[in-house]
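Worksheet for the structure shown next.
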Amino acid sequence: MLDHRAIEKKWQDYWYKNKVFKTTETSRKKAYILDMFPYPSASGLHLGHPIGYTASDIVARFKRLNGFDVLHPMGWDAFGLPAEQYAIKTGNHPGEFTKRNIENFKKQIISFGFSYDWDKEINTSDPEFYVQTQWIFKLLYKANLAEIREVEVNWCPELGTVLANEELKREKNGALVSERGNFPVILKKMKQWVLKITEYAQKLLDGLDQVDFPDSLKTLQKKWIGKSKGWKIKFLIEKTGEFLEIFTTKIETFYGVSFLALAPLHNFAQKLAKNNKKISQFIEQNSFSSPKLQSKMTGIFTGLYAIHPLNSSKIPIYIANYVLNNYATSAIMGVPGHNLADLEFAQIFQIDYVKVINQENLLINSAEFSGLTIKEGANSIFNKLNSMNLVQKTTIFRLKDWVFSRQRYWGEPFPVYFDEKGKIYLEEKIVELPHTDKIMPSGDGRSPLASIKDWVFFEKNGKYYRRETNTMPQWSGSSWYYLAFILKEKDKYLPLDSKIAYDKFKKWLPVDLYIGGQEHAVGHLIYSRFWHKVLFDAGIVPNSEPFQKIIHQGMLLGSDGQKMSKSKGNTINPTEMIDKFGADTIRIFLMFMGPIGDLRLWDENGVVSIFNWIQRVQRTILADYEIDPELEKDYEFTYFFNNFVFEITNLIETFKFNVAISKLMVYINFLNKKQKIPSKNYLTDFLIIFSVFAPHTAEELLEKLEQKPLNFQIWPQFDRSKIFKNTFHLPVSINGKNRGILELTDEKSQEEIIEIAKKDYKIRNYLQNKQIIKVIYIPRKILNFILKNN
């Protein structure tokens, strides 16, 4: 049998030497296939990475064989906190450390046979790259989307920097710590650069209707953006004469208010804390109001009451840690009868409550509004409060502006400097990160760059200036890197605002397939969409969304069913596995374990089975078959082959790689039973298909069959007439408007056809979150969905 080590080196050398995967621009058909680029850690590639990388490689190879221009690049998310922390710990400079890691990572990635165009390789810490990051920041500033603002931030003294909520976690004892290093975190007011992502909240929501993202991802982003239509209502505080404004989306429950609750950082709560030690301590302990960061629900009674404006009842006022800071008015009306969180709080503090809506969805216990429907009640209560000037209709978003400063060394410098009066100027050219070995956090809120006096301070035209010493967060490079791959030409990048760049963007955008983890749903995948929309509004890119389709790969668990980690001793070294079993074996095993998005369990016995099957493929393909052209008339052969190509093509296009591999196994079983075949094509066409999963083995077997390498091959075609006797095209309409065409066979029932239509990508988007009130089907003529108008 073939020596996998020898053939892998042989064909990887061939691909590299001949630039087989170089991006071409010769076809009208394009496929931009992208992986979420990795942070090049010291530990190197882990087996979770190749799940997504193998999936994208299958698609990239498939598209090339089908005549597409393919852009399939790889690069490095090189700036950021992990590299800097490791450098401090080991006494290395983060730049040198990162360079070594990239070399190791790249070597490991190449060993899998992934078809990346390495001429397009990027590195976010390369000045040629981050000068464009700085250009985008300047664009944001000129568009009034970036400003310096004093904000409440999560400050980690040990790391010496601000952290986002996504970078924090809560320990079992309730203490809030950084995810990296488990260091304590406190709230602190600091002047920071802030990007006004909130101004794009509605556009970010609207854009989700234009893209093919997993429903789970869309849901996460919609919740993160958090659009709510509701009412702001004023309550008079007894004794003080002040008004407290709350926000609610359920004004119809107004007579069910049992308490008011303020977020810990509400201005009125802060005011009370100045003269009340218990309130002050409570606020200090419960200021982090992100649901992720809560330990348990708790609160404190302020000793004050508000007056219900419609029935004059006294309502106790609490400060509660489940009320979000800086969301709407940061104050809510507690309605335990109709809100589970409010009910939990009421039970903790033994607050009485009453239900105000019955099972028939009619108002009860609501004075003159009892008996009204929810809609009628909401309108009537609003009108009464409005006549008292106590209510205002409003739309709010949960999304917060993006705190964009980091007090660390290893990041993009801001292209900004200040005069002696603090006036802001934009640097016209690149601001390069200066080399220094003094990268320890200052501990006083300043970046390590602040200690490089001859870099910070400079003279220009007889005036003295100082540079911005904070750096950008790690998210900045990843917010536009998918554009950098398009711009990369040799060792340089085309200017973002050039005509040639725009033409290339028209060719390649949007990214057709983007594969990566769902953990980036409300970080990178929000920020990159925001930046892209800003670039679109500025006329830099031709479309408003960066990614057309996103797939999340599933996690790989250890053989013990737990997440792989060094502490658990269940990690697997991919280099060792490739050496032992071969890259093709690992690629197929990772894809065969289940649907791309499912959890996977490492099982070396399964790896051995795939290794043995690949050897069987080799024996089957190299067997001594008799060629009998007369067998082309044999229905068994023609149907089996054409149906195989048809099915596997469809399975790859729908990312059902595990099922596609099972079809490969069926094909090999079929050939194993034959001594005669109609032509050599039954072997070579199989190998071309097999190559997207196991490229090294396929290349070697093609050579042994005296065929040209894969870069000279095309994807096998199938003859539809050999599979389907009666096919027809069925137009599909939504409320009478043509929205797509299905290709169907006569044997499909009406119910099957309706289900096929509902799952079709184009049709599915129109049906999403809509109520179908009628379906009209005229056989072979039309399928029309009648939707209820919202």
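So the sequence shown is numbered by UniProt numbering: it starts at 1 and just counts up by one.
From the three backbone atoms N, C-alpha and C, an ideal C-beta is built for every residue, glycine too.
Predicted model only: the values in this text are computed from it and were never measured.
Residue i - partner residues in DSSP beta bridges
| i | result |
| --- | --- |
| lysine 758 | BP columns for lysine 758 are empty, so no partner. |
| asparagine 154 | Leu163 and Leu187 |
| asparagine 784 | Ser733 and Ile776 |
| proline 316 | Tyr305 |
| glutamate 489 | Lys492 |
| leucine 363 | Ile357 |
| threonine 395 | Lys229 |
| serine 178 | Leu168 |
| asparagine 123 | Trp76 |
| glutamine 192 | Arg149 |
Limits of the alpha helix (DSSP H) - the one that residue i falls within
| i | result |
| --- | --- |
| methionine 591 | 583–592 |
| valine 692 | Unbroken run through valine 692: none, as it is neither H nor E. |
| tyrosine 141 | 127–142 |
| valine 659 | 657–672 |
| glutamine 85 | 81–90 |
Coil, strand or helix - residue i by DSSP
| i | result |
| --- | --- |
| glycine 75 | strand |
| glutamine 202 | helix |
| glycine 303 | strand |
| leucine 622 | coil |
| isoleucine 540 | coil |
| aspartate 497 | coil |
| arginine 616 | helix |
| glutamate 571 | Looking at the sequence itself, residue 571 is threonine, so the reference to glutamate does not match. It is coil, neither helix nor strand. |
| valine 59 | helix |
| proline 709 | coil |
| tryptophan 410 | coil |
| glutamine 210 | helix |
| glycine 445 | coil |
| glutamate 103 | helix |
| leucine 217 | helix |
| valine 607 | helix |
| alanine 146 | strand |
| leucine 513 | strand |
| residue 791 | The question about residue 791 has no answer, for the chain in this structure spans 1 to 790. |
| valine 645 | helix |
Continuous beta strand (DSSP E) stretch holding residue i: start and end
| i | result |
| --- | --- |
| serine 228 | 228–237 |
| methionine 333 | 331–334 |
| phenylalanine 259 | 259–262 |
| lysine 460 | 457–460 |
| isoleucine 33 | 30–35 |
| tyrosine 417 | 416–418 |
| arginine 720 | It is not in any beta strand (DSSP E) - arginine 720 carries neither H nor E in the DSSP assignment. |
Exposure of residue i, with buried meaning 16 or more beta-carbon neighbours within 10 Å
| i | result |
| --- | --- |
| glutamate 404 | What sits at residue 404 in the sequence shown is phenylalanine, not glutamate. Buried, because 16 or more other Cβ atoms sit within 10 Å of the Cβ of phenylalanine 404. |
| serine 320 | Correcting the residue type first, residue 320 is alanine in the shown sequence and not serine. Result: buried. |
| leucine 340 | exposed |
| threonine 253 | buried |
| phenylalanine 693 | buried |
| arginine 28 | exposed |
| alanine 378 | buried |
| glutamine 768 | exposed |
| lysine 172 | exposed |
| tyrosine 682 | buried |
| threonine 575 | exposed |
| asparagine 383 | exposed |
| asparagine 18 | exposed |
| residue 794 | As shown, the chain starts at 1 and ends at 790. That puts residue 794 outside it, with no answer to give. |
| histidine 524 | buried |
| arginine 764 | exposed |
Closer than 8 angstroms to chain B by CB, residue i
| i | result |
| --- | --- |
| phenylalanine 457 | Reference to chain B is not applicable here, since this structure consists of a single protein chain. |
Residue i CB to nearest heavy atom of the ligand SAH below 7 angstroms
| i | result |
| --- | --- |
| methionine 564 | Questions concerning the ligand SAH fall outside what the structure shown contains, since it holds no ligand whatsoever. |
(request) Could you tell me whether the segment 77–89 touches the segment 180–190, where touching means 3 or more Cβ pairs closer than 8 angstroms? (result) yes
(message) With three or more C-beta pairs closer than 8 angstroms as the rule, is the segment 642–653 touching the segment 713–729?
(response) yes
(message) Quick check: the segment 442–456 against the segment 46–64, are at least 3 beta-carbon pairs closer than 8 angstroms?
(response) no
(request) Decide yes or no for the touch test of the segment 110–120 against the segment 481–493: beta carbon pairs closer than 8 angstroms, at least 3 of them. (result) yes
(request) Count the CB pairs spanning the segment 494–509 and the segment 147–164 that are closer than 8 angstroms, and state whether there are at least three. (result) no
(message) Within 8 angstroms, do at least three Cβ pairs link the segment 605–617 to the segment 579–589?
(response) yes
(request) Flag this pair as touching only if the segment 184–204 and the segment 157–173 have three or more C-beta atom pairs under 8 angstroms; answer yes or no. (result) yes
(request) Count the CB pairs spanning the segment 101–115 and the segment 519–529 that are closer than 8 angstroms, and state whether there are at least three. (result) no
(request) Tell me, please, whether the segment 540–556 touches the segment 501–512 by the rule of three or more beta-carbon pairs shorter than 8 angstroms. (result) yes
(request) Please confirm if the segment 305–313 is in contact with the segment 231–244, defined as three or more CB-CB distances below 8 angstroms between the two stretches. (result) yes
(request) Taking 8 angstroms as the threshold, find out whether the segment 256–266 comes into contact with the segment 369–378 through three or more Cβ pairs. (result) no
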